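First comes the structure, then the notes that go with it.
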Amino acid sequence: MRVAVVLLVACLACRFAGAPARAGGGPENVFLVVNPENPDSLAVANVFAQTRGVPPINVFMLPWTGSEDAVPIGQFRDAILGPIMRAIDARRLATQIDCVVYSSGFPWKVDYATELPADIKGKDQFPSGSLTGMTMLHAAVNSGSPMWLDPQSNHYYRPVDDNGVPAETRGFRGWYGWSRNGALREAGGTRYLLAAMLGVTAGRGNNVAEITAYLKSAAAADGSRPPGTIYFMTNSDVRTTTRSGPFPAIVKALGELGVKAEVVAGALPERKRDVAGLMAGTPTFDWRASGCAVVPGAICENLTSFGGIFTSTAGQTPLSEFLRAGAAGSSGTVTEPFSLQAKFPHPSIQVHYARGASLVESFYQSVHAPYQLLVVGDPLCQPWAKIPTVEVVSAADSKVLEPGTVVSGTLELEPRASGGGEEGADRFELFVDGLRVRQAPLGEKLVLDTTAMADGHHELRVVAISATRVETQGRRIIPILTSNHGRVLRLTVEPARVAPDGTLRIGVKGQGIDGAVVFAMGRVLGRTTSAESVIEVPANLLGRGTVSIRATGRGGPRPTDGVNAEPVSVEIGSAP
């Protein structure tokens, strides 16, 4: 690797106005971007949405037929980043979205050479950023100046002490502002959106089966405090010496958290079947030959120039090898980054993770200049989090609110939480069909007027947020049926399992409606103009995997003129 430093100090503009709300770290706080033109993108998104319980309102279908390798920055801004930001605003999600999550099927590199000022063009020899890094720094991308080149562009980065150990770990919220020294500012400061890709299926990436395996494994690892050891590799290569100095102090800090860690000489550990995390530094490696096994939930990554490049001409081992082995997440740069620590995860990433931060929070708290780093994996994975357990009681009868309960009038909920650490829960949030509608401190009720809502199916989510700086979330998801306006809608789907080239027959039958809209994963599948109708939908519109199909009927322009059917899940796969 060559060594060079580009200095460009600037402040990033604010994107979202401050909001009196705290939310983040869960499926309600991610915005899942899917390419409906790409079957792999649909399949990967289906797995993540079903496994993590992403609300349909948080899923955005963004057609992309261009290159899956690279995109010019102007096109990135106009065809990818801009539509994402506008969709978040249009859906009234701006105050609750913390992370943009791309499925596969999008370009992993953003080329910005055409927008470099004349005095910088000769100094930036490799003018490319990553899809995730440039999304995280969205304000800089939209500023009209290449402020993403600032080697301290990420103020969410947590400062470390002289030994390299971070003094604190903080949960991320999209509306939080951050000063240049990393201080949290609830008014002003620089704002970001965390960003990750679920997987790359092009070139040297992973196939859908591999991505499915590591996404499901990562979700199952939440709160498990996995047994195993985090390994820090040392050798004489600059890829290791760049960040090996803090290794001993980091190992000690992990030990104090009850997490085993070791500093090991070599390119990879040998015959270790308990790899709960890995920081390596080598241009190439053969994971299978090492005889090692990855523990579910592990962050495994490697400091090398082309770990985030998926074209066949790249001569170094890509990050997809760690994901293939079962890691929950990894990262790599998409162009020559030089051996600059600021562009790669600092060893403190494993401390943030062990303190309970999510995978995506751990990455961005440890990377000072993320514009060239591609982060891939399950952003919500949190193996060492102390997750609150949530119970929801109806104040009317002091009984636990059960799924399928029929309610009318005003619903008063008493949320309760246990676990989540010694501090317990700090507050609760109520989401209706994915949209945050109420907040309450510990001990207060969440009140919902169901007469202002459409009849039929609704999904209530009560989220408890721990009273810690990490702000770990726990949730209870409760489907209910509201009955206030005399409207009914029934949805049927046949067959329950269909081949990708098959056809689904979707029937709606309602009372008190003029027509209905049928949709799935943020995408309208069809509309009817009568209270009873059947439509046929090609299964390939939905992608492979398990998909929930939904329908909403309308009898007028007001929300109370509507009715929601209970969703129906179908399996798109091999022939029945």
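Mapping the sequence shown onto our numbering, position 279 (from 1) lands on 1446, and the numbers just tick up by one.
For glycine and all other residues, C-beta sits at the position ideal for the given N, C-alpha and C.
Quantities reported herein were computed from a predicted structural model and do not represent experimental measurements.
1) Give me whichever residues DSSP pairs with Pro1608 in a beta bridge.
2) Can you list the alpha helix (DSSP H) stretches of 4 or more residues lying completely in the segment 1214–1268, in chain order?
3) Compare the beta carbon distance of Ala1280 and Pro1294 with 8 Å and say whether it is the shorter of the two.
4) Work out the CA separation of Leu1298 and Trp1275 for me, nearest whole Å.
5) Could you have a look at Leu1209 and say whether DSSP puts it in helix, strand or coil?
6) I'd like the ranges of any alpha helix (DSSP H) spanning at least 4 consecutive residues and lying wholly in the segment 1504–1577.
7) Which stretch, first to last residue, makes up the alpha helix (DSSP H) that contains Ala1307?
8) Give the single residue among Phe1473, Ser1479 and Asp1622 whose Cα lies nearest to the Cα of Val1505.
9) Can you tell which of Tyr1359, Ser1487, Arg1253 and Thr1336 has the C-alpha that lies nearest to the C-alpha of Thr1500?
10) Buried or exposed for Glu1703, please, with buried defined as at least 16 other CB atoms from any protein chain shown within 10 angstroms of its CB.
11) Could you name the residues of the same chain whose beta carbon sits closer than 8 Å to that of Val1614, not counting the 5 residues immediately before and after it, in chain order?
12) Kindly give me the distance between the Cβ atoms of Ala1495 and Leu1526, rounded to whole angstroms, as I take these residues to be in contact under 8 Å.
13) So, Met1147 versus Thr1649, is the Cβ gap smaller than 8 Å?
14) What does the alpha-carbon distance come out to for the pair Arg1775 and Pro1514?
15) Do Leu1424 and Arg1522 come within 8 Å of each other at the CB atom, strictly closer than that value?
16) If you reduce the DSSP assignment to three classes, tell me which class Gly1693 lands in.
17) Note down the Cα distance separating Ile1466 from Ala1380, rounded to an integer number of angstroms.
18) In angstroms with no decimal places, state the Cα-to-Cα distance between Val1431 and Pro1463.
19) When you compare only the Cα positions, how much space is there between Val1375 and Val1267?
20) Report yes if the C-beta of Ala1663 is less than 7 Å from at least one heavy atom of the ligand SAM; otherwise report no.
21) Does the separation of the CB atoms of Arg1694 and Gly1682 fall below 8 Å?
22) Are the beta-carbon atoms of Asp1265 and Gly1341 separated by less than 8 Å?
23) Answer with buried or exposed for Gln1292, where buried requires no fewer than 16 other C-beta atoms within 10 angstroms of its C-beta.
24) Extract the residue ranges of the beta strand (DSSP E) inside the segment 1368–1403, only unbroken runs of 3 or more that lie entirely within it.
Once the coordinates are examined:
1) Arg1594
2) 1249–1257
3) yes
4) 5 Å
5) helix
6) 1516–1521 and 1526–1532
7) His1305 to Val1308
8) Note that residue 1505 is Phe in the sequence shown, not Val. Among Phe1473, Ser1479 and Asp1622, the Cα nearest to that of Phe1505 is on Phe1473.
9) Ser1487
10) exposed
11) Thr1577, Leu1578, Glu1579, Leu1580 and Arg1605
12) 6 Å
13) Here the chain comprises residues numbered 1168 to 1743, so residue 1147 is not present and cannot be evaluated.
14) Only positions 1168 to 1743 of the chain appear in this structure, which leaves residue 1775 out of reach.
15) yes
16) strand
17) 15 Å
18) 21 Å
19) 20 Å
20) No copy of the ligand SAM appears in this structure; indeed no ligand is present at all.
21) yes
22) yes
23) exposed
24) 1396–1401
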